[in-house]
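Engineer: Got a structure for you, questions after.
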């Protein structure tokens, strides 16, 4: 799959996946109480690379917050399930 086509598929998956946030647990003090660490996300999405998870960490705090979770779900679907 070419780079441009893969990007288009990921963007489409992100837009479609934004409708299904999953319940999250609290993590770091002072942060969004629904934030997950990379390790917690990897427990939910087996085999998922930290590199792919951190692509969804828009604010760079190394935590995946509720608003970032649909991005993780979409990348997992495209890169790990549909392959």
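Numbering (my numbering), first residue to last: 2 to 84.
In this text, a Cβ means the ideal position worked out from N, Cα and C, and glycines have one as well.
Tell me the residue span of the alpha helix (DSSP H) that contains residue 51.
Structural biologist: Here the question's residue 51 lines up with position 50 in the chain shown. 51-55 is the extent of the alpha helix (DSSP H) around residue 51.
Engineer: Terminal residues of the continuous alpha helix (DSSP H) containing residue 71?
Structural biologist: In the chain shown, the residue the question calls residue 71 occupies position 70. Residue 71 -> alpha helix (DSSP H) spans 70-77.
Engineer: Give every residue of the same chain whose Cβ lies closer than 8 angstroms to the Cβ of residue 81, excluding the five residues on either side of it in the sequence, and list them in chain order.
Structural biologist: Taking the chain shown and counting its residues from 1, the one referred to as residue 81 is at position 80. Counting only Cβ-Cβ distances below 8 angstroms, and skipping sequence neighbours, we find 46, 48, 49.
Engineer: When you measure from the CB of residue 36 to every non-hydrogen atom of the ligand NAP, does any distance come out below 7 angstroms?
Structural biologist: With respect to the ligand NAP, the structure offers nothing, as it holds no ligand at all.
Engineer: Which residues in the same chain have their Cβ closer than 8 angstroms to the Cβ of residue 33, if we skip the five residues on either side of it in sequence?
Structural biologist: Against the chain shown, residue 33 aligns to sequence position 32. Correct list, in chain order: 64, 66, 67.
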